[in-house]
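Participant:
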Amino acid sequence: MPELPDLQVFSQNLQKKLAGKKVKKVVIGNAKKLKASANMLKKSLEKQVVKKVYREGKELHFQFGNGDVLGLHLMLKGRLYLFEGKNEQKYTIIELQFDDGTGLALTDFQGQATPTLNPEEREAPDALSTAVNYSFLKKALQTKATIKNLLLDQHVIRGIGNAYADEILWKAGISPFSIANKIPDNKIKSLASAIKSVLKNAEKQIRKSDPDIISGEVRDFLDIHNSKKKSSPTGATIEHAVVGSRKTYYTKEQELYK
DNA sequence: ACGCGTGTTACTGT
DNA sequence: GACAGTAACACGCG
Numbered sequence: 120m121p122e123l124p125d126l127q128v129f130s131q132n133l134q135k136k137l138a139g140k141k142v143k144k145v146v147i148g149n150a151k152k153l154k155a156s157a158n159m160l161k162k163s164l165e166k167q168v169v170k171k172v173y174r175e176g177k178e179l180h181f182q183f184g185n186g187d188v189l190g191l192h193l194m195l196k197g198r199l200y201l202f203e204g205k206n207e208q209k210y211t212i213i214e215l216q217f218d219d220g221t222g223l224a225l226t227d228f229q230g231q232a233t234p235t236l237n238p239e240e241r242e243a244p245d246a247l248s249t250a251v252n253y254s255f256l257k258k259a260l261q262t263k264a265t266i267k268n269l270l271l272d273q274h275v276i277r278g279i280g281n282a283y284a285d286e287i288l289w290k291a292g293i294s295p296f297s298i299a300n301k302i303p304d305n306k307i308k309s310l311a312s313a314i315k316s317v318l319k320n321a322e323k324q325i326r327k328s329d330p331d332i333i334s335g336e337v338r339d340f341l342d343i344h345n346s347k348k349k350s351s352p353t354g355a356t357i358e359h360a361v362v363g364s365r366k367t368y369y370t371k372e373q374e375l376y377k
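Per the numbering used here, the first sequence starts with residue 120, numbered consecutively.
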């Protein structure tokens with residue numbers, strides 16, 4: 120449920136809180152979704168110092184002194200908790216205990232959050248990378264998929280989720296039902312800049328309202344994908360529909376290309 | 001109370 | 001066969 124801007128803020132806060140800590144013990148609570156054996160994880164991470172925490176697409180990456188990287192994907196309901204002493208959280212997937220008596224726990228009642236040891240590099244660029252520009256999108260949009268589904272496709276661009284796809288499409292003035300290869304060049308340009316501005320602005324809002332956040336999500340400032348709002352900032356009624364089995368919020372201000 | 005929400009995967013359909 | 005669309009996962013929250 121947290122999307123790119125949330126994860127971006129989490130990663131910065133985790134970097135502040137965890138960098139320099141040494142892992143004493145790795146505890147696996149639920150191995151179902153592990154993308155590495157429990158033993159490999161323990162062997163790789165125990166006695167290692169956290170060097171860097173950063174975001175990659177929708178994953179958090181923890182880089183250790185030996186160069187190994189622990190990737191955590193929170194999926195829909197994954198949550199992170201810092202604890203002192205004993206981890207009391209239910210549904211723990213994985214837990215890092217540090218040698219100063221603190222620890223980090225990843226929980227998920229749905230058991231879907233996924234720890235990966237040394238995640239493979241992906242070809243699709245991160246939504247905030249400079250590679251996501253007009254000419255990239257021009258190529259990526261040469262398909263008859265609906266634009267909303269395309270924005271959500273992590274094999275095309277990494278990091279955009281359901282809520283921010285709606286925000287971005289509204290900002291760009293493109294209907295979510297538009298067919299990607301029917302969108303004109305000037306609108307592809309709007310889309311490129313909307314991706315950056317919507318995501319960066321969200322990051323700023325989240326940091327302002329919730330400076331220490333490492334879990335959950337902040338959504339109340341969203342302009343369109345927001346059940347509390349009836350109309351867009353420019354006064355159009357917000358409509359709802361299902362696209363790709365996801366609830367989609369949009370207004371008639373957005374142009375439909377079919 | 002009870003239906004909604006969320007990302008990915010595996011499946012279905014075109 | 002390639003590409004696009006969608007149900008299911010499962011349960012806390014409002």
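Ideal Cβ placement from N, Cα and C applies to all residues, glycine included.
All values derive from a computational prediction rather than experimental measurement.
Since Gly278 contacts Lys151 with CB under 8 Å, what's their CB separation in whole angstroms?
Facilitator: At roughly 25 Å, the Cβ-Cβ gap does not stay under 8 Å, so Gly278 and Lys151 are not in contact.
Participant: Does the structure place the stretch 232-245 close enough to the stretch 263-280 that three or more beta carbon pairs sit under 8 Å?
Facilitator: yes
Participant: Comparing C-alpha positions only, which one of Asp227, Ala313 and Val188 sits nearest to Lys161?
Facilitator: Val188
Participant: Is it buried or exposed for Ser248, if we count other Cβ within 10 angstroms and need 16 for buried?
Facilitator: exposed
Participant: Give the range of the beta strand (DSSP E) segment to which Pro234 is assigned.
Facilitator: Thr233 to Leu236
Participant: Can you list, in chain order, the residues of its chain with a C-beta nearer than 8 Å to that of Gly292? Leave out the 5 residues immediately preceding and following it.
Facilitator: Lys306, Ser309, Glu372, Gln373 and Glu374
Participant: Along the alpha helix (DSSP H) that carries Leu160, what are the first and last residues, could you check?
Facilitator: Ala157 to Leu164
Participant: Taking the alpha-carbon positions, what's the Glu214 to Arg326 distance?
Facilitator: 26 Å
Participant: Quick check on DSSP: helix, strand or coil for Glu122?
Facilitator: coil
Participant: I believe Leu260 touches Ile302 by the beta-carbon criterion, under 8 Å. Please report the beta-carbon distance rounded to the nearest angstrom.
Facilitator: 6 Å
Participant: Taking contact to mean at least 3 C-beta pairs separated by less than 8 Å, is the stretch 209-227 in contact with the stretch 190-199?
Facilitator: Contact between the stretch 209-227 and the stretch 190-199 is present, because at least three Cβ pairs lie under 8 Å.
Participant: Here's the rule: buried if 16 or more other CB atoms are within 10 angstroms of the residue's CB, otherwise exposed. What is Glu203?
Facilitator: exposed
Participant: CB Ile343 to CB Thr370, shorter than 8 Å?
Facilitator: yes
Participant: With a cut-off of 8 Å, do at least 3 Cβ pairs link the stretch 134-145 to the stretch 164-177?
Facilitator: yes
Participant: Should Ala250 be labelled buried (16 or more other beta-carbon atoms within 10 Å of its own) or exposed?
Facilitator: exposed
Participant: Less than 8 Å separating the beta-carbons of Leu164 and Phe129?
Facilitator: no
Participant: Which complete beta strand (DSSP E) runs does the stretch 187-221 hold, if anything under 3 residues is left out?
Facilitator: 188-192, 198-203 and 211-217
Participant: Just to confirm the assignment: which complete alpha helix (DSSP H) runs, minimum length 4, are found wholly within the stretch 242-267?
Facilitator: 253-259
Participant: Let's test the definition: count the other Cβ atoms within 10 Å of the Cβ of Val317 and tell me whether it reaches 16, buried, or not, exposed.
Facilitator: buried
Participant: Hey, quick one: how far does the alpha helix (DSSP H) through Leu179 stretch, first residue to last?
Facilitator: Leu179 -> not in any alpha helix (DSSP H); beta strand (DSSP E) instead, spanning Glu178 to Phe183.
Participant: For a test of the three-state rule: what should DSSP assign to Val128, helix, strand or coil?
Facilitator: helix
Participant: Is it right to say Asn158 is buried, meaning 16 or more other beta carbons lie within 10 angstroms of its own, or is it exposed?
Facilitator: exposed
Participant: The alpha helix (DSSP H) spanning Lys147 covers which residue range?
Facilitator: Sequence inspection shows Ile at residue 147; the Lys mentioned does not correspond to that position. Taken as a continuous stretch (DSSP letters only), Ile147 belongs to no alpha helix (DSSP H), being part of the beta strand (DSSP E) at Val142 to Ile147.
Participant: Are Thr265 and Ile298 close, meaning C-beta to C-beta below 8 Å?
Facilitator: Pairing Thr265 with Ile298 gives a Cβ-Cβ distance under 8 Å.
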